[in-house]
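Only one structure is covered here, and it is reproduced in the block below.
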Amino acid sequence: MSAADPLRRVLPMLEVRWSRVARAVLLGTLALGFSVGLAATAAWLIARASQMPPVLQLSVATVGVRAFGTGRGVWRYLERLASHDVALRGMAALRANLYDALARGPVSRVVALRRGDLLARVGADVDDVGDVVVRALIPAGVAVCLGIGSVVLVGVFLPAAGLTLLGCLLLTGVLAPWLASRAAVSVERRGAEARAEVTGRSLELLDDGQQLRVAGRLGARLTALRAADARLTRSTHDGARISGVSAAIDAGAQTLAVICSLLLGLPAVAAGTLAPVELAVVVLTPLAVFEATSTLPAAAVQLRRSREAARRLVALLPDREERPRTPGRPADGTLLTLDDVAAGWDDRAVVAGVDLTLRPGSVVALAGPSGVGKTTLLLTAAGLVPSLAGEVRAEDALFAAEDGHLFGTTVLENLRVARPDVTETDARRALAAVGLTDWLDALPRDLDSMLGPDGADVSGGERRRLLVARALLAPARVLLVDEPAEHLDAVTADALLDTLAAHARDTGSAVVVASHRLTPLGVADEVLVLGAPAPAAGGPARVVARGTHDELLRDDAGYAWSLAQEAATAPRPAAPPPVG
Amino acid sequence: MRPLDPRLLRRARAARWYVALTAGLGVAAAGAIVVQAFAIAHTLGPAVTAGSAGTPIGLADVAPWLGVLVGAMLCRAVIAWAQERYAQKAAAQVVAELREQVVAHTVALGPRAATPDVSPDAAADVAGHAATATLATRGLDDLEPYLVRYLPQLLLTAILTPALVLVVLGLDWVSALVCVVTLPLVPLFMWLVGVMTAGTSQRRLRTIERLGAQVLDLLAGLPTLRAFGRQTGPGARVRALGDASRRATMGTLRVAFLSGMVLELLTTLSVAIVAVGVGLRLVEGMIALVPAVAVLVLAPEVYLPLRRVGAEFHASTDGLAAAERAFAVLERPLPTPGTTPAPALAGATLVLDGVSVRAGDRGVLAPAGLTARVPLGSGRPGSGRVVALRGPSGSGKSTTALVLLGLLRPDAGRVLVETGGSRLMDLADIDPQTWWSQITWVPQRPALAPGPLRDVVADGRPVTDEALAAAARTTGLDDVVAGLPAGWDTPVGLGGTGLSVGQRQRVALTGALLDGTGDADPPPLVLLDEPTAHLDARGERVVLDTVRAWRDAGRTVVVVAHRASLLALADQVVDIASREVGLETEEAPA
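Written as structure tokens, this is what we have:
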């Protein structure tokens with residue numbers, strides 16, 4: 001392991017107690033040692049018995065054989081329990097440490113967690129790193145202890161045979177695992193691209209299969225999938241060439257050790273340096289030893305896999321601790337000021353040159369096409385993402401994300417995320433404000449009803465409103481709410497914005513809402529329209545127009561046009577059922 | 001669950017030759033092991049006997065048997081090499097074959113493929129779709145350990161174990177008897193332990209899954225917790241959940257590993273019994289040393305495959321479960337397509353006659369009893385029409401489009417095609433290929449193939465640069481191309497990665513405009529599902545311009561309209577409504 005080995009960095013997070021590992025290795029060595037003992041005593045017993053001594057002389061050996069035969073299973077059982085205990089403790093500690101690190105690190109890492117199946121990946125990666133203990137470290141420790149013990153046992157009778165046994169053990173314990181690991185690398189490296197393509201094409205076919213059928217392109221896409229899968233198979237094939245050699249070494253080394261013992265033992269017996277009975281022990285013991293090394297190729301592959309998993313986890317870990325956010329205090333009478341602020345990610349500005357002042361009761365809307373940078377600007381104003389230029393000064397500001405998380409717990413506990421002391425009355429009032437009273441009444445256990453993981457049994461619109469209700473309950477004096485109206489029908493959406501505005505005016509706090517729908521923005525004191533520059537020009541988006549809703553409607557042709565388009569789709573009475 | 005599902009052999013060609021190869025290698029392995037045991041016995045036996053008698057033999061006396069031993073070693077190495085080499089390849093091929101079949105079959109099942117017939121509900125639809133996607137991408141990989149590790153051991157147990165017992169029988173019938181008596185005890189005891197512990201393990205496993213999900217839930221919610229400044233508290237909870245999870249897991253393992261212990265105990269104890277028995281009979285002179293050594297070497301080998309089968313048991317259950325899921329998809333019957341060639345659509349009339357489609361769990365028909373006549377344009381420039389499907393969200397507009405495409409069969413009612421002379425044909429009887437070749441369909445989320453932008457737009461259609469440029473002007477794609485550094489050569493990933501949602505839509509509309517610009521006549525019918533999400537003013541204008549272009553070209557555009565601007569353009573508006581019908585089955589209160 002090199003110094004830059006990600007496993008090295010992650011292993012301390014497992015908080016492994018090495019005494020527990022030692023115990024597991026000891027138990028594992030005992031289990032396999034009993035196998036070796038069984039083989040050695042049985043060999044001695046048979047060879048000695050063939051000399052037809054009085055039966056009593058064999059009694060110790062017969063008892064030994066039976067004892068070794070019985071004990072192995074018990075030791076193995078204890079070893080498996082001990083090693084899994086170590087691994088599970090490690091995984092639990094790793095999860096907790098990972099959580100702590102992410103909780104303290106920059107928010108961009110955390111935001112990245114939501115993308116794709118990264119999160120599910122984290123769960124699997126933690127398991128993979130934990131597996132390194134059960135599947136790699138402990139088997140390797142057992143193999144080393146048992147190998148040394150067996151070499152010494154054989155070496156006591158015939159030192160040269162001990163050395164050849166050691167050589168064969170090194171073949172299976174070092175060379176074969178190294179080859180197996182190389183094979184895994186080869187498959188992974190060559191296969192990664194093919195695997196990604198197979199996954200992508202499968203998903204495309206499953207998602208868009210119907211349109212491909214209609215367009216007559218299904219056959220071509222299935223052929224492309226088959227070709228990608230063939231490439232994947234070929235990469236496996238190349239790896240199997242190497243792992244095949246590893247398997248061959250593993251299968252042959254045992255017999256090789258027996259042959260070496262015979263080649264060395266027969267002359268030794270002839271020379272009188274080795275008793276005939278001992279020859280049987282020297283020749284037959286190796287047959288039981290190689291069980292210890294036969295798990296090592298798999299252990300080497302596991303080590304690699306764990307290292308890759310560790311690499312991905314390290315990539316998630318913040319390389320620095322987030323400085324506690326100490327935004328400048330805004331001037332008296334204001335809650336938040338943005339002074340020529342540029343917002344963006346990784347030093348690339350998405351929005352620039354934004355000035356904004358919020359006073360108690362202010363309601364400001366942020367408009368503009370999707371993807372223009374409204375969310376990034378809100379995150380920056382909330383202090384969750386450092387501003388790239390300019391100055392953010394804020395009283396405690398809360399960012400309510402469009403995809404905010406609903407926890408797999410009760411409705412009330414989900415609302416208490418905003419503030420631990422939310423009472424049932426507070427909760428009901430907030431849910432009523434966002435129009436969820438009917439929804440609450442329909443729940444089986446009222447405020448104590450469980451929400452599914454990630455709020456799975458909540459519809460998109462209900463989810464949005466729950467998130468707004470939670471934001472309303474927060475003690476923050478500035479609410480920065482991202483697209484509160486998404487997934488809602490127009491009437492509900494407009495009512496929700498009214499609710500947020502009323503909250504600001506009643507409590508003397510301030511609200512900024514990002515919205516790509518313009519119709520409800522009349523409720524805002526000021527509307528900031530963000531616009532991207534022409535594609536050819538590039539550069540960050542800027543505030544292209546600002547003013548009250550009415551002013552913009554009067555002065556800004558684009559704003560008026562967009563609003564007219566929305567107005568045309570304003571809710572109408574439901575169409576009468578067609579006359580059949 | 002059967003240890004080897006015969007359907008696997010039927011469905012996957014690669015599985016057939018692999019099983020045959022593995023069986024062959026198993027026979028060879030059995031031979032090599034027996035030969036090795038005899039070679040060791042015939043070298044060691046005389047050496048010990050002669051040595052004990054004070055007349056030790058030299059290497060030359062046993063040279064032939066040493067040669068045999070070297071041969072056996074090489075054989076075993078080659079067998080292991082071949083097994084490993086071809087197992088991996090065969091596993092990859094079996095997975096590939098099943099993947100293609102699952103994907104092709106799911107597509108052929110139609111747009112509601114993910115919904116199992118037994119539970120028609122929307123949540124199952126989404127979950128079913130995700131499950132199929134997981135199965136096709138990662139789930140089938142579970143077959144690999146099953147095929148590479150478990151199946152060979154299983155076949156070895158079936159071939160090698162009885163063969164070795166027979167060999168032992170020839171050498172020493174008492175030892176063979178020990179094997180015959182103890183061998184069946186292994187699966188018997190494992191089964192007993194399994195049965196006794198199954199309930200506890202199941203309950204504990206559920207606990208563990210729940211605890212794991214809670215930790216992931218907290219991780220997933222970390223951005224939210226941070227926004228509220230509440231991120232530090234749950235750290236302790238993650239730790240506590242981890243501890244609880246460990247305790248629950250250890251409880252399960254204490255029980256689960258019992259079967260492993262029984263397995264190890266029985267197999268090693270049997271070897272010990274054989275060894276002691278042989279030893280005692282040697283003293284009595286009832287057996288010679290050579291067969292005694294052979295039996296001693298063979299005894300562990302008799303039990304080895306069985307032990308390995310036990311160790312790979314999880315690979316077997318996971319792999320068979322994956323195969324089972326694949327077969328569950330593959331065994332769902334396909335709808336029988338019609339066979340009559342479609343009539344020419346230009347100038348025909350589509351007649352919807354009381355069309356109703358059940359919408360999932362809500363006990364809703366959407367559309368409900370839809371009856372309408374939609375005359376199609378003749379295909380000559382100027383005769384085009386725009387037909388808007390209108391209705392509140394969830395009323396079944398997109399479903400109606402699927403029904404018109406023949407991808408979805410209505411639960412009640414019919415779709416008829418009326419051609420000249422009032423001849424009526426049921427859409428269900430029409431050969432779908434001939435129907436689809438007359439339709440251009442632009443769904444809400446269009447599929448884009450990967451490649452350079454030009455090829456993505458053309459998507460296999462023979463198009464000239466002029467036609468491409470003209471179509472791009474209509475949809476505003478030319479603006480997009482102008483802004484891209486590599487222009488028409490800009491690479492686009494699978495599913496349109498690298499393009500924004502609006503850009504993807506323009507690409508799809510441009511491609512749809514190009515339908516039939518080559519030698520073939522343009523399809524007379526265009527079905528357009530207007531995108532609802534995040535379409536700004538510019539995006540909306542693109543849709544309107546494109547629809548107009550189609551109408552001007554004499555084609556009929558049936559559009560699922562979400563906006564008034566499109567309704568204003570329509571020559572005919574078909575109102576779509578849903579109706580609650582109540583659930584047929586009473587669901588238990590949650």
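Chains A and B are the protein sequences, given in the same order.
Residue numbers are given in full-length UniProt numbering: position 64 of the first sequence equals residue 64, and the series is strictly consecutive.
Residue numbers are given in full-length UniProt numbering: position 232 of the second sequence equals residue 232, and the series is strictly consecutive.
Yeah, the Cβ is synthetic: ideal placement off N, Cα and C, and Gly gets one too.
What you are looking at is a predicted structure, and each value in this text was computed from that prediction instead of being measured.
Does the beta carbon of residue i come closer than 8 angstroms to any beta carbon on chain D?
i                : result
Gly242 (chain B) : No chain D appears in this structure, whose protein chains are A and B.
Suppose the cutoff is 6 angstroms on Cβ atoms and the five residues either side in sequence are ignored; what does the same chain contact list for residue i look like?
i                : result
Arg182 (chain A) : Ile242
Leu183 (chain B) : none
Ala564 (chain A) : none
Leu402 (chain B) : Pro111 and Leu408
Ser119 (chain B) : Below a pLDDT of 50, predicted positions are generally treated as unreliable, and Ser119 (chain B), at 37, falls in that range; no measurement from the model is reported.
Trp435 (chain B) : Ala342 and Gly406
Between residue i and the rest of its own chain, which residues show a CB-CB distance below 8 angstroms, the 5 nearest in sequence each way excluded?
i                : result
Leu443 (chain A) : Val411 and Ser449
Met91 (chain A)  : Leu14, Val126, Asp127, Val129 and Gly130
Looking at chain B, is there any beta carbon in it that lies within less than 8 angstroms of the beta carbon of residue i?
i                : result
Thr233 (chain A) : yes
Gly455 (chain A) : With a pLDDT of only 47 at Gly455 (chain A), under the threshold of 50, the placement of this residue in the model should not be trusted; the figure read from the coordinates follows. For Gly455 (chain A), the answer is no, since every Cβ of chain B falls outside 8 angstroms of its Cβ.
Val245 (chain A) : yes
Arg9 (chain A)   : no
Pro276 (chain A) : yes
Asp208 (chain A) : yes
Ile148 (chain A) : no
Strictly below 9 angstroms CB to CB, what residues from chain A border residue i?
i                : result
Trp173 (chain B) : Chain A residues near Trp173 (chain B): none, gap ~18 angstroms exceeds 9 angstroms.
Leu404 (chain B) : Result: empty, since nearest Cβ-Cβ is about 11 angstroms, beyond 9 angstroms.
Take residue i as the anchor and find which of the options has the nearest alpha-carbon.
i                : options                                   : result
Leu241 (chain B) : B:Ala37, B:Ala136 and B:Leu218            : B:Leu218
Pro300 (chain B) : B:Leu185, B:Leu330 and B:Thr267           : B:Thr267
Ala253 (chain A) : A:Glu402, A:Thr223 and A:Gly167           : A:Gly167
Gln438 (chain B) : A:Thr255, A:Gly216 and A:Val258           : A:Gly216
Ser447 (chain B) : B:Val102, B:Ala50 and B:Arg506            : Sequence inspection shows Ala at residue 447 (chain B); the Ser mentioned does not correspond to that position. Of the listed residues, the one whose Cα sits closest to Ala447 (chain B) is B:Arg506.
Pro522 (chain B) : B:Thr252, B:Gly384, B:Val293 and B:Ala14  : B:Gly384
Val293 (chain B) : A:Ala280, A:Ala394, A:Glu291 and A:Thr507 : A:Ala280
Ala30 (chain B)  : B:Pro305, B:Thr106, B:Leu330 and B:Thr340 : B:Pro305
Asp459 (chain B) : A:Ala220, A:Leu497 and A:Val60            : A:Ala220
Leu258 (chain B) : B:Ala311, B:Ala28 and B:Gly493            : B:Ala311
Whose C-beta lies closer than 7 angstroms to the C-beta of residue i among residues of the same chain, with five residues either side of it excluded?
i                : result
Asp339 (chain A) : Asp355, Gly390 and Glu391
Cys145 (chain A) : Val25 and Thr29
Pro56 (chain B)  : Ala50
Ala87 (chain A)  : Gly130, Asp131, Val133 and Val134
Mind listing the chain B neighbours of residue i? Cutoff is C-beta to C-beta under 8 angstroms, in chain order.
i                : result
Pro267 (chain A) : Gly58 and Leu59
Met52 (chain A)  : Leu282, Val283 and Gly285
Ile259 (chain A) : Leu66, Leu69, Val70 and Met73
His84 (chain A)  : Thr249, Met250 and Leu253
Residues of chain A with a CB under 7 angstroms from the CB of residue i: which are they?
i                : result
Glu84 (chain B)  : Ala240, Ser243, Gly244 and Ala247
Pro443 (chain B) : Gln211
For chain A, is any of its Cβ atoms less than 8 angstroms away from the one on residue i?
i                : result
Leu188 (chain B) : no
Phe228 (chain B) : yes
Trp191 (chain B) : no
Arg76 (chain B)  : yes
Ser52 (chain B)  : yes
Can you list the residues of chain A that residue i reaches, using a CB-CB cut of under 8 angstroms?
i                : result
Glu100 (chain B) : Leu222, Leu225, Arg226 and Asp229
Problem set entry | Contact set between the stretch 334–368 of chain B and chain A, restricted to residues whose Cβ is under 7 angstroms from the partner | Cβ contacts with chain A come from Gly354.
For this session: Compile a chain-ordered list of the residues in the stretch 456–488 of chain B whose CB is closer than 9 angstroms to at least one CB of chain A.
Result: Legend: CB atoms of the stretch 456–488 of chain B lying less than 9 angstroms from CB atoms of chain A belong to residues Asp459, Gly460, Asp479, Val480, Ala482, Gly483 and Leu484.
For this session: Would you list, in chain order, the members of the stretch 6–23 of chain B that have their beta-carbon closer than 7 angstroms to a beta-carbon of chain A?
Result: Taken residue by residue, none of the stretch 6–23 of chain B has a beta-carbon sitting less than 7 angstroms from a beta-carbon on chain A.
Problem set entry | Selection of the stretch 372–401 of chain B by Cβ proximity to chain A, strictly under 9 angstroms | From the stretch 372–401 of chain B, only Ala372, Arg390, Gly391, Pro392, Ser393 and Ser395 have a Cβ closer than 9 angstroms to chain A.
Exercise. Given a limit of 9 angstroms on CB to CB distance, which residues of the stretch 258–274 of chain B reach chain A?
Worked result: Considering only beta carbons, the part of the stretch 258–274 of chain B lying closer than 9 angstroms to chain A consists of Leu258, Gly260, Met261, Val262, Leu263, Glu264, Leu265, Leu266, Thr267, Thr268, Leu269, Ser270, Val271, Ala272, Ile273 and Val274, in chain order.
Exercise. Quick one, which residues of the stretch 147–177 of chain B are near chain A if we go by CB-CB under 9 angstroms, in chain order?
Worked result: Against chain A - using a Cβ distance shorter than 9 angstroms - the stretch 147–177 of chain B contributes no residues.
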